[in-house]
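Visitor:
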Amino acid sequence: MESEAGEAVSRRFDDVIRLALERGFFMPASEIYGDAPAGFWDYGPLGVALRRKFIELWRRELVKRDGMLEIDGAQILSKSVFKASGHLESFVDPIARCSRCKAIYRVDKLIEEKTGIHVPERLDLGEMRRIVKERGIRCPSCGAKLADFAHFNMMFRVGVGAAGSDAYLRPETCQNIFVDFMRIYKTMRGKLPLAIAQFGKSFRNEISPRQGLLRMREFYQAEIEVFFNPNRANEFPKAEAVMDYALRLQPVGEDKPLEVSCREALDRGLVSSKLIAYYLALIQQFYEKAGIPRNRIRLRELDPDEKAFYAVEAWDLEVETSLGWIELVACNNRGDHDLGGHQKASGHEMEVLDGSERVLPHVFELSMGVDRSIYCILESSLATSNGKTVLKLPPYLAPIDVAVLPLISKEPLTSKAREIYDALKLEFDAVYDESGSIGRRYVRYDEVGVPVCVTVDHQSLEDDSVTVRFRDTAHQLRIDLDEVAGFIRGYLAYP
RNA sequence: GCGGCCGUCGUCUAGCCUGGAAGGACGCUGGCCUUCCGAGCCAGCGGUCCCGGGUUCAAAUCCCGGCGGCCGCACCA
41 MESEAGEAVS
51 RRFDDVIRLA
61 LERGFFMPAS
71 EIYGDAPAGF
81 WDYGPLGVAL
91 RRKFIELWRR
101 ELVKRDGMLE
111 IDGAQILSKS
121 VFKASGHLES
131 FVDPIARCSR
141 CKAIYRVDKL
151 IEEKTGIHVP
161 ERLDLGEMRR
171 IVKERGIRCP
181 SCGAKLADFA
191 HFNMMFRVGV
201 GAAGSDAYLR
211 PETCQNIFVD
221 FMRIYKTMRG
231 KLPLAIAQFG
241 KSFRNEISPR
251 QGLLRMREFY
261 QAEIEVFFNP
271 NRANEFPKAE
281 AVMDYALRLQ
291 PVGEDKPLEV
301 SCREALDRGL
311 VSSKLIAYYL
321 ALIQQFYEKA
331 GIPRNRIRLR
341 ELDPDEKAFY
351 AVEAWDLEVE
361 TSLGWIELVA
371 CNNRGDHDLG
381 GHQKASGHEM
391 EVLDGSERVL
401 PHVFELSMGV
411 DRSIYCILES
421 SLATSNGKTV
431 LKLPPYLAPI
441 DVAVLPLISK
451 EPLTSKAREI
461 YDALKLEFDA
471 VYDESGSIGR
481 RYVRYDEVGV
491 PVCVTVDHQS
501 LEDDSVTVRF
511 RDTAHQLRID
521 LDEVAGFIRG
531 YLAYP
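Residue 535 is where the first sequence ends in the working numbering, and the numbering goes up by one at each step.
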């Protein structure tokens with residue numbers, strides 16, 4: 041892929057990484073040591089602030105808007121949890137190693153490739169070994185015998201306590217929600233449909249992590265699990281509010297997204313229920329408010345081969361970037377896989393009363409990749425103006441709200457500016473800066489997306505006014521000092 | 001995990017082929033100057049040349065191994 045587009049692609053990705061490294065958004069973990077494993081990243085000060093604001097927007101647009109309950113679960117969970125969830129068995133790849141050149145292969149894929157026989161991933165290893173032997177399948181690169189048949193599980197195993205009992209770092213945050221469901225339902229006086237949300241870390245031992253924040257071994261998810269009565273997924277009054285909202289749906293068989301209202305999507309049977317249409321609308325609206333242009337968002341239906349082992353209906357919210365379409369949110373109808381599995385394995389009742397009906401709730405999830413979202417927001421906000429970088433984040437996502445600057449670095453302008461900074465710093469994420477020319481400082485803050493700068497000049501000393509300078513236009517406005525806080529508050533307001 | 005390319009101050013890079021004092025630009029810090037968009041001047045800061053081993057009088061440079069990055073394949077539960 042050496043086309044012009046291909047080159048532009050890598051340049052744009054590189055621009056984001058360069059900005060991130062240079063200005064402290066994020067950096068490789070364990071960076072100063074040579075044995076730093078791939079797939080682990082540290083967030084720096086600006087990255088933390090951006091992520092915090094992104095999550096605050098998520099709380100506002102999804103959790104609060106919909107009256108969801110938020111929890112914060114443990115990252116290490118018992119082996120039994122993953123036995124019941126299916127991850128211990130299904131979260132694995134069957135692999136084998138060449139006895140001579142040591143290359144590692146996916147056995148199921150290799151058999152399929154060589155013989156055309158479809159091999160279920162979960163087929164017994166002995167069975168796979170038998171097929172390989174019978175069909176005389178050998179190492180594709182050197183022709184030697186295959187050996188060391190094994191399951192590679194992508195969960196990180198940890199030893200708990202002195203005995204080192206097996207437990208696992210969660211590969212998805214939602215298992216806490218399923219395990220805790222009954223207690224939350226009871227103690228919070230729950231009623232179906234009930235949505236429980238969680239923001240936190242997950243861990244997957246990726247074979248080959250790559251592309252910065254896009255595929256990590258330790259990463260943030262913001263997940264929402266909606267528990268509902270499958271017989272009543274169309275009795276959903278809240279959905280009326282979004283019936284005219286246009287989804288960008290790409291059902292199986294389409295090669296580009298269709299603009300269809302929720303109503304039309306339901307009428308045409310593209311989406312299976314009002315409940316699902318409603319949540320697809322909420323998540324798409326959320327990304328529009330996070331600053332991703334609508335025409336770069338799509339909700340793509342997964343065909344059966346692509347779906348996770350637990351999914352019965354699956355839509356991915358994807359965003360188009362210079363690297364292609366990136367999956368940011370998995371919207372899965374998980375059916376009763378989870379509560380059913382935990383009910384059976386734990387012996388704990390998971391059925392609840394919905395009216396007079398006794399029902400094992402089904403689950404629709406919105407599983408968001410936070411770090412990937414941060415990358416996409418950075419990339420889509422990155423603009424160039426007169427050869428200079430301007431990060432055009434929505435103001436309410438900007439890591440720094442306001443920079444307070446004396447026009448020149450000289451008393452009494454500096455003292456005056458410091459007073460203003462002190463008055464703003466508790467309410468806002470503010471910085472004070474007197475280093476370098478005023479133009480240099482504007483550029484410095486444009487580059488990290490600060491939406492407004494407050495500048496103290498000679499006139500400020502006479503009449504207690506300041507100028508407010510806007511990142512996106514470089515225009516300035518003079519306002520009275522006692523209106524500054526209110527003005528910034530208004531400018532940073534959510535849409 | 002395989003294959004190709006690659007790894008030098010915070011960032012970008014010169015130097016590597018042909019072994020011989022790690023240099024520049026931007027940035028950052030302090031000062032002077034400066035009343036609005038990367039100004040100027042002065043003085044500074046900043047590098048385990050990815051790591052380990054080998055060859056050599058001498059290694060950023062050559063060789064081997066590892067780690068990491070990008071791209072392609074595979075994978076993405």
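All C-beta atoms in this analysis are idealised placements derived from N, C-alpha and C, irrespective of residue type, glycine included.
Short check: CB of V508 to CB of Q516, under 9 angstroms?
Guide: Locating residue 508 in the first sequence gives position 468, counting from the first residue. Locating residue 516 in the first sequence gives position 476, counting from the first residue. For V508 and Q516, yes; Cβs fall inside 9 angstroms.
Visitor: Quick check: L209 and F218, are their CB atoms within less than 9 angstroms of each other?
Guide: Position 169 of the first sequence, counted from the start, is the residue given in the question as residue 209. Position 178 of the first sequence, counted from the start, is the residue given in the question as residue 218. No, these two residues do not count as a Cβ contact at 9 angstroms.
Visitor: Which residue wins for smallest C-alpha separation from F404, given the options G427, N426, G240 and G375?
Guide: Looking up residue 404 in the first sequence gives position 364. Answer by Cα proximity: G375.
Visitor: Please classify P333 as buried or exposed, where buried requires at least 16 other C-beta atoms within 10 Å of its C-beta.
Guide: Here residue 333 corresponds to residue number 293 of the first sequence, with the count starting at 1. It is exposed - the Cβ of P333 has fewer than 16 other Cβ atoms within 10 Å.
Visitor: CB L342 to CB A321, shorter than 9 angstroms?
Guide: Working through the first sequence from its first residue, we reach residue 342 at position 302. Working through the first sequence from its first residue, we reach residue 321 at position 281. Result no, Cβ atoms of L342 and A321 do not sit closer than 9 angstroms.
Visitor: The beta strand (DSSP E) spanning K428 covers which residue range?
Guide: Translated into the one-based positions of the first sequence, residue 428 becomes position 388. Note, K428: beta strand (DSSP E), K428 to L431.
Visitor: Looking at the unbroken beta strand (DSSP E) that takes in T424, where does it start and where does it end?
Guide: Here residue 424 refers to the residue found at position 384 when the first sequence is read from its first residue. Start and end: L422 to S425.
Visitor: Check whether the Cβ atoms of S420 and R336 sit closer than 9 angstroms, and answer yes or no.
Guide: Taking the first residue of the first sequence as 1, we reach residue 420 at position 380. Taking the first residue of the first sequence as 1, we reach residue 336 at position 296. In this structure, R336 lies closer than 9 angstroms to S420 by Cβ.
Visitor: Following the continuous beta strand (DSSP E) through G375, name the residue where it begins and the one where it ends.
Guide: Position 335 of the first sequence, counted from the start, is the residue given in the question as residue 375. Looking at the DSSP string, the run of the beta strand (DSSP E) that includes G375 is G364 to G375.
Visitor: So is R518 buried or exposed if we call it buried at 16+ other beta carbons inside 10 Å?
Guide: What you label residue 518 is simply residue 478 of the first sequence in a count that begins at 1. Classification for R518: exposed.
Visitor: Which residues in the same chain have their Cβ closer than 6 angstroms to the Cβ of V352, if we skip the five residues on either side of it in sequence?
Guide: On the first sequence, residue 352 is found 312 positions in, with the first residue counted as 1. N373 and G375.
Visitor: Have a look at the DSSP bridge pairing and note the partners of M67.
Guide: Position 27 of the first sequence holds residue 67. Answer is D82, bridged to M67.
Visitor: Look up G240 in the DSSP assignment and give the residues it is bridged to.
Guide: In the first sequence, residue 240 corresponds to position 200, counting from 1. Beta-bridge pairing links G240 to Q261.
Visitor: By DSSP, does E389 sit in helix, in strand, or in coil?
Guide: Numbered from its first residue, the first sequence carries residue 389 at position 349. In the structure shown, E389 sits in coil (DSSP, three-state: anything other than H, G, I, E or B).
Visitor: Using DSSP bridges, identify the partner residues of A273.
Guide: Sequence index remark: in the first sequence, residue 273 carries index 233 (1-based). DSSP output for A273 lists no bridge partner at all.
Visitor: On the three-state DSSP scale, how would you describe R518?
Guide: Counting from 1 along the first sequence, the entry for residue 518 is found at position 478. DSSP places R518 in strand when its eight states are reduced to three.
Visitor: Using the DSSP secondary-structure output, state which residues sit across from S125 in a beta bridge.
Guide: As a position in the first sequence, residue 125 is number 85, starting the count at 1. Answer by DSSP bridge pairing: none, since S125 is not bridged.
Visitor: Could you give the uninterrupted runs of the beta strand (DSSP E) lying entirely in the stretch 437-478, keeping only those of 3 residues or more?
Guide: 442-446 and 470-472
Visitor: DSSP has T213 in a bridge; who is on the other side?
Guide: Walking along the first sequence from the start, residue 213 turns up at place 173. According to DSSP, which records beta bridges pairwise, T213 is partnered with nothing at all.
Visitor: Along the chain, where does the alpha helix (DSSP H) containing F404 start, and where does it finish?
Guide: If you number the first sequence from 1, residue 404 lands on position 364. It is not in any alpha helix (DSSP H) - F404 instead sits in the beta strand (DSSP E) that spans H402 to G409.
Visitor: Looking at C-alpha atoms only, which residue of D520, Y350 and A457 is the closest neighbour of S130?
Guide: As a first step, residue 130 must be located in the first sequence, where it is residue number 90. Among D520, Y350 and A457, the Cα nearest to that of S130 is on Y350.
Visitor: With respect to the alpha helix (DSSP H) encompassing G530, which residues constitute its N-terminal and C-terminal limits?
Guide: The sequence position of residue 530 within the first sequence is 490, counting from 1. Element bounds for G530: V524 to Y531.
Visitor: What whole-angstrom Cβ distance do P446 and V496 have, given they're in contact under 8 angstroms?
Guide: By 1-based counting over the first sequence, the position of residue 446 is 406. By 1-based counting over the first sequence, the position of residue 496 is 456. Their Cβ separation, rounded to whole angstroms, is 5 angstroms, which keeps P446 and V496 in contact under 8 angstroms.
Visitor: Out of A370, G166 and G176, which one is the CA nearest neighbour of E346?
Guide: Working through the first sequence from its first residue, we reach residue 346 at position 306. Closest by alpha carbon: A370.
Visitor: Starting from E110, follow the beta strand (DSSP E) in both directions and report where the run begins and ends.
Guide: As a working mapping, residue 110 is identified with position 70 in the first sequence. Run containing E110: L109 to I111, per the beta strand (DSSP E) assignment.
Visitor: Check E294 in the structure and name its three-state DSSP category.
Guide: Taking the first residue of the first sequence as position 1, residue 294 is located at position 254. Here E294 sits in coil by DSSP.
Visitor: State the DSSP-derived secondary structure class of G46, mapped to helix, strand or coil.
Guide: Stepping through the first sequence from its first residue, residue 46 is reached at position 6. Low per-residue confidence applies at G46: pLDDT is 34, beneath 50, and the placement is therefore not dependable enough to give any value.
Visitor: Grab me the residues of M194's own chain with a C-beta within less than 6 angstroms of its C-beta, minus the 5 sequence neighbours each way, in chain order.
Guide: By 1-based counting over the first sequence, the position of residue 194 is 154. Excluding sequence neighbours, M194 sits near F131, R244 and N245.
Visitor: So L86 and R63 are in contact, right, with Cβ under 8 angstroms, and what is the actual spacing, rounded?
Guide: Counting from 1 along the first sequence, the entry for residue 86 is found at position 46. Counting from 1 along the first sequence, the entry for residue 63 is found at position 23. Confirmed, about 6 angstroms.
Visitor: What is the residue span of the beta strand (DSSP E) that D356 lies within?
Guide: Here residue 356 refers to the residue found at position 316 of the first sequence. First-last of the beta strand (DSSP E) with D356: E353 to T361.
Visitor: Compare the C-alpha of L150 against each of L128, H127 and R178 and name the closest.
Guide: For the purposes of this step, residue 150 is identified with residue 110 of the first sequence, where counting begins at 1. The shortest Cα separation from L150 among L128, H127 and R178 belongs to R178.
Visitor: If the criterion is Cβ atoms closer than 9 angstroms, does the pair A457 and F94 meet it?
Guide: The sequence position of residue 457 within the first sequence is 417, counting from 1. The sequence position of residue 94 within the first sequence is 54, counting from 1. Taking 9 angstroms as the Cβ cut-off, A457 and F94 do not qualify as a contacting pair.
Visitor: Any idea what DSSP makes of L59, helix, strand or coil?
Guide: Counted from its first residue, the first sequence places residue 59 at position 19. DSSP places L59 in helix when its eight states are reduced to three.
Visitor: With C-beta atoms as the reference, is L437 less than 9 angstroms away from G476?
Guide: Residue mapping note: residue 437 aligns to position 397 of the first sequence, counting from 1. Residue mapping note: residue 476 aligns to position 436 of the first sequence, counting from 1. Against a cut-off of 9 angstroms, the Cβ pair of G476 and L437 comes out as no contact.
Visitor: Since I224 sits in a beta bridge, which residues does DSSP pair it with?
Guide: For the purposes of this step, residue 224 is taken as residue 184 along the first sequence, with counting starting at 1. DSSP, once it has assigned bridges, lists no residue as partnering I224.
Visitor: Verify whether the separation of the beta carbon atoms of A470 and I440 is less than 9 angstroms.
Guide: Numbered from 1 along the first sequence, position 430 holds the residue referred to as residue 470. Numbered from 1 along the first sequence, position 400 holds the residue referred to as residue 440. The answer is yes: Cβ separation under 9 angstroms.
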